[in-house]
Structure formats: structure tokens, C-alpha cells
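Asks:
Residue numbers (the working numbering): 7 to 291.
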């Protein structure tokens, strides 16, 4: 018959190593390493969050420290390996896109109107020259006024276009310099920099399209107003046009006549008061 004391000793020896979840044994070092790893990650994240609060001198000092660190080549090599495994190839992503048909239509219209392109006079200048050569004095004045307003549109267009182009060039240069500088720390290929430049130009191209669209709309509104003015005056006699022209250009500070003046102009020109009012509500003749 077995001794009870010996049995208790054997059972205690079996139960002792298990410990029923008590601390000690091999579990303690693993838990300590996990806490240390969490603390290290927390410190790294905190340093990353503090980057935006660093001054330029502090950032340059940290950058210099990193570039001079003996483990910097190893870090760069690891980043290259990670990039090769995770980043998609850019070999076939730089296919040339076909020209935007809407942008082509806008460019063609702006060139035809003399707003864009080397020809600054456009179709309006040729029409005005033809009208003056034919002796059509009223049409010559009309085209002269049209050209003046078109020149204002052209000036605003080129000013805004220059602003967009300068902003695009400055931003592109800044991004390229930044990427070249970062390529000393992380792998960035020239193709990737070129692709980023294409993305920037595409973004600014959409802004330029809005400018061209609004400019074309302004030209169409200007043309519509002058065509409407022409329709309202097409049945006037040459004498009536000369009288109205003389009045408006001698009263540029206040070109809208009073009721008495309207009646007097209507009587002299042989037209109705409503026609005088209609002409006065448009542009000078």
C-alpha cells in the first residue's frame, strides 16, 4: 500500500510547475518585452507627431543626424526591399492621354476671337478694317467698341493665365526639390518624380480649363450684346445714327437721356421714344 505522504509529494510535484496562472516562470520576460516594445512604438509615434512642431533648424539638425548615421545605408536598403515588394510598377502607367476635345474647342474659339494665340487682333480686327474700308461709319464704331471690350477680356485672361502658370511652375519646382531631397533617405526614382509632375500639371490644367470656359462665355455674351444692339439699330437712317452717336459721345459722363431729351432725339431722328430708350440701354453707338 502506498504511503500517503509520498503520494502528496508526487501530486505536489505535478501541480507545482503549472502554477495555475501565477506569475513567475518563463512568462514574465515575454510580458516585459511586449511592454517595452509598446513603449518604443509609442515614443516613435510621439516623435512623428512632434515633427510638425519642430523649427526649421531642428528639422535640419535631425536630417543631418540621420544622413550621418552609420546605419543609414542599411535603412535605405531595407526601404528599397519593402518598396520592391509593395509598390506597383510604373512601367505602363505613363501612357499619353488623348487631348481633351472640350479643351481643344475652347482653345480654337479663343484663338479665333483673338483672345489667345499670336494673333492679338483676331477676327474682330479684320471685320473692323473691312467695314471702315467700305465706308460703313456706324459699323466701324461698333467694331471699335467691340475691340475695346474684347481687349479687356483678353487682358484679364492673360493676367489670370500667367498667375496660374507661375503658380504651377513654383509648386512643381518645390515638389521636385522636395522629392529629390527625400530621395537621399527613401527610394524615389526619376520616373516617379516625372509622374508626380504630370499629376500636378493635370490638376492645374483643370483650373485653366475653368478660366478658358469663363472667358469663352464672356466673349459670347459680348458678341450677343453687340448683335442685339445691331438688330435694334439696323432700320435707323444714317442721319439718325449720326445724331445718336453725336449725343452719346458728347454725354459719356451721363449717356442716359432724360424724358425731354428722349422726345427731342426721337423727333430729330424720326424714331419712337421707345427706340431711343432701347438704344440707350445697350452700348454707345
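Note that the Cβ used here is the ideal one computed from N, Cα and C, for glycine as well.
Would you identify the three-state DSSP class for residue 60, choosing helix, strand or coil?
Replies: It is coil, neither helix nor strand.
Asks: Count Cβ pairs between the segment 68-75 and the segment 163-177 that sit closer than 8 Å; are there 3 or more?
Replies: Segments in contact, no.
Asks: So what does DSSP say about residue 77, is it helix, strand or coil?
Replies: Three-state result, residue 77: coil.
Asks: Could you have a look at residue 120 and say whether DSSP puts it in helix, strand or coil?
Replies: Residue 120 falls in the coil class under three-state DSSP.
Asks: Using 8 Å as the Cβ pair cut-off and three pairs as the minimum, do the segment 241-252 and the segment 272-279 touch?
Replies: As far as the Cβ criterion goes, the segment 241-252 touches the segment 272-279, which means the pair count is three or higher.
Asks: Take residue 89 and list the residues in its own chain whose beta-carbon comes closer than 6 Å to its own, dropping the five residues that flank it on each side.
Replies: For residue 89, where only same-chain residues beyond five positions count, the Cβ hits under 6 Å are 193.
Asks: Nearest-angstrom Cα distance between residue 187 and residue 62?
Replies: Using only the alpha carbons, I get a separation of about 15 Å.
Asks: Looking only at its chain, what residues have a beta carbon closer than 7 Å to the beta carbon of residue 210, apart from the 5 residues adjacent to it on each side?
Replies: Closer than 7 Å at Cβ, skipping near neighbours: 170, 174.
Asks: State yes or no: is the C-beta of residue 191 within less than 9 Å of the C-beta of residue 82?
Replies: Contact flag set, yes.
Asks: Which residue marks the beginning of the alpha helix (DSSP H) containing residue 266, and which one marks its end?
Replies: Unbroken alpha helix (DSSP H) run through residue 266: 265-275.
Asks: Around the C-beta of residue 40, are 16 or more other C-beta atoms found within 10 angstroms, so that it is buried, or is it exposed?
Replies: Result: exposed.
Asks: Is the beta carbon of residue 156 sitting closer than 9 Å to the one on residue 123?
Replies: No, Cβ-Cβ distance for residue 156 and residue 123 is not below 9 Å.
Asks: Hey, out of 109, 104, 52, 86, whose CA is closest to residue 213's CA?
Replies: That would be 109, whose Cα lies nearest to the Cα of residue 213.
Asks: For the alpha helix (DSSP H) containing residue 256, name the first residue and the last one.
Replies: Residue 256 -> alpha helix (DSSP H) spans 244-256.
Asks: On the criterion of 16 or more Cβ atoms from any shown chain inside 10 Å, does residue 79 qualify as buried, or is it exposed?
Replies: Burial call: exposed.
Asks: Run the CB neighbour count on residue 126, radius 10 Å, all protein chains shown included, and call it buried at 16 or more, exposed below.
Replies: Since pLDDT at residue 126 reaches only 48, below the 50 mark, its modelled position is unreliable, and the value read off the structure follows with that caveat. Answer is exposed; the Cβ neighbour count stays below 16.
Asks: Hey, how far is the Cα of residue 64 from the Cα of residue 53?
Replies: C-alpha separation (whole angstroms): 13 Å.
Asks: At the level of alpha carbons, what is the spacing between residue 67 and residue 184?
Replies: Between residue 67 and residue 184, the C-alpha separation is close to 17 Å.
Asks: If contacts are defined as beta-carbon pairs under 8 Å, then residue 247 and residue 271 qualify, I think. What distance do you get, rounded to the angstrom?
Replies: Contact flag wrong, Cβ pair sits at about 12 Å.
Asks: At which residue ranges does the segment 162-241 contain complete alpha helix (DSSP H) runs of 4 or more residues, listed in the order of the chain?
Replies: DSSP runs (the alpha helix (DSSP H)) wholly in the segment 162-241: 196-239.
Asks: Mapping DSSP to helix, strand and coil, what is residue 106?
Replies: In this structure, residue 106 counts as coil in the three-state DSSP scheme.
Asks: Taking buried to mean at least 16 other C-beta atoms within 10 Å of its own C-beta, is residue 205 buried or exposed?
Replies: Under this definition residue 205 is an exposed residue.
Asks: In angstroms, rounded to a whole number, what distance separates the CA positions of residue 282 and residue 116?
Replies: Roughly 34 Å between the two C-alpha positions.
Asks: Please list, in chain order, all residues of the same chain as residue 217 whose beta carbon is under 8 Å from its beta carbon, the five residues on each side excluded.
Replies: Around residue 217: 163, 166, 167, 170.
Asks: Look up residue 278 in the DSSP assignment and say whether it is helix, strand or coil.
Replies: Note: residue 278 maps to coil in three-state DSSP.
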